[in-house]
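**Q** Residues in the sequence shown are numbered consecutively from 159, following this note's numbering.
Each residue gets a CB set at the ideal place from its N, CA and C atoms; glycine is no exception.
From a predicted model like this one, the values you see are computed outputs, not experimental measurements.
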Amino acid sequence: MTGDEQDYASQAGGDPFGDMFRGMGGMGGMGGMGGMGGFGFDFQDFGDFFNMGQGSRSQPRSSKGADIHMDLEISFQEAVNGKKVEVKYDKKGVCITCNGKKAQPGTKPTKCNTCNGKGSVQHRQGPMVIEMACTKCKGAGTVIKNPCNTCRGKGTSFNKHREEVAIPKGVDNGQHVRVKSKGNEGENGGPSGDLLLKVTVKPDSYFRREGFDIHTNAYLNISQVTLMI
Ligand SMILES: [Zn+2]
Ligand SMILES: [Zn+2]
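1) Output the residues surrounding ligand 1, defined as those with a CB atom closer than 5 Å to any ligand heavy atom, in chain order.
2) Between Lys303 and ligand 2, is there a pair consisting of the residue's CB and a ligand heavy atom that are separated by less than 7 Å?
3) Starting from Gln280 and walking both ways along the beta strand (DSSP E), at which residues does that stretch end?
4) Cα-Cα, which of Val301, Asn304 and Lys276 is closest to Ala291?
5) Tell me the start and end of each unbroken alpha helix (DSSP H) in the stretch 281-318 that is at least 4 residues and wholly inside, in chain order.
6) State yes or no: is the C-beta of Lys260 nearer than 7 Å to some heavy atom of ligand 2?
7) Cutting at 7 Å between CB atoms, please list the residues of its own chain near Pro267, excluding the five before and the five after it.
8) May I ask which residues mark the beginning and end of the alpha helix (DSSP H) holding Phe365?
9) Are the beta-carbon atoms belonging to His334 and Leu354 less than 8 Å from one another?
10) What residues in its chain sit with their C-beta under 7 Å from that of Glu231, if we drop five residues either side in the sequence?
11) Measure from the alpha carbon of Arg366 to the alpha carbon of each residue in Lys222, Ala224, Ser233 and Arg320, then state which is nearest.
12) Measuring only the C-alpha atoms, how far is Ser220 from Gly284?
This is how it looks when you write it as structure tokens:
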């Protein structure tokens with residue numbers, strides 16, 4: 159939220175009708191509300207008031223990034239002891255070519271000439287002037303003539319990513335290890351999704367797990383067990 163909007167919201171928050179009634183104050187002596195349309199009352203303020211909630215310079219809606227699902231195969235010993243693994247995957251995030259600006263580097267968005275950079279256009283309906291988000295620039299106030307080649311003007315792309323993940327001790331076959339916020343990044347400031355690793359524990363020739371118990375049919379002395387685990 160920009161400083162301007164904050165000011166506006168805080169003014170309007172306390173007494174949203176204050177300015178409107180002050181604006182109408184002069185009308186009392188002019189015959190009241192009945193002839194309002196005829197007195198050239200400027201509905202511009204009224205229009206802004208309606209737009210306030212939606213934000214006429216549209217704040218793009220933020221959304222949470224998607225979770226990323228991956229399979230991970232580990233040995234029985236790794237499942238018993240826990241393990242740090244490095245996983246590599248493509249993660250959606252801010253485009254590294256244009257840094258999320260959507261325009262090809264070296265070029266700049268230009269002022270939208272439909273709304274003259276305001277992000278909104280006015281429609282007159284009888285005495286009312288209604289302000290609506292500009293459809294050409296979708297309320298941004300700018301248009302991109304040269305979209306970024308990497309992300310085709312979307313501002314986001316799939317970037318190579320590495321993540322070190324600590325697989326906890328005792329993880330069982332088929333369990334998921336969730337790594338918070340390491341999935342695709344959210345859009346317009348929304349939170350990131352998670353990374354989910356579905357663990358497959360490779361069968362072991364000596365040990366097998368049954369619930370919380372580890373079973374073995376092999377005969378081992380204690381030093382051999384220590385070496386293996
Ligand atoms: Zn880009
Ligand atoms: Zn526009």
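**A** This is what the structure holds:
1) Cys253, Thr255, Cys256, Cys306, Thr308 and Cys309
2) no
3) Ser278 to Gln283
4) Lys276
5) none
6) no
7) Ala261, Thr300, Val301 and Ile302
8) Careful: Phe365 lies outside any alpha helix (DSSP H), inside the beta strand (DSSP E) at Phe365 to Glu368.
9) yes
10) Thr358 and Lys360
11) Ser233
12) 35 Å
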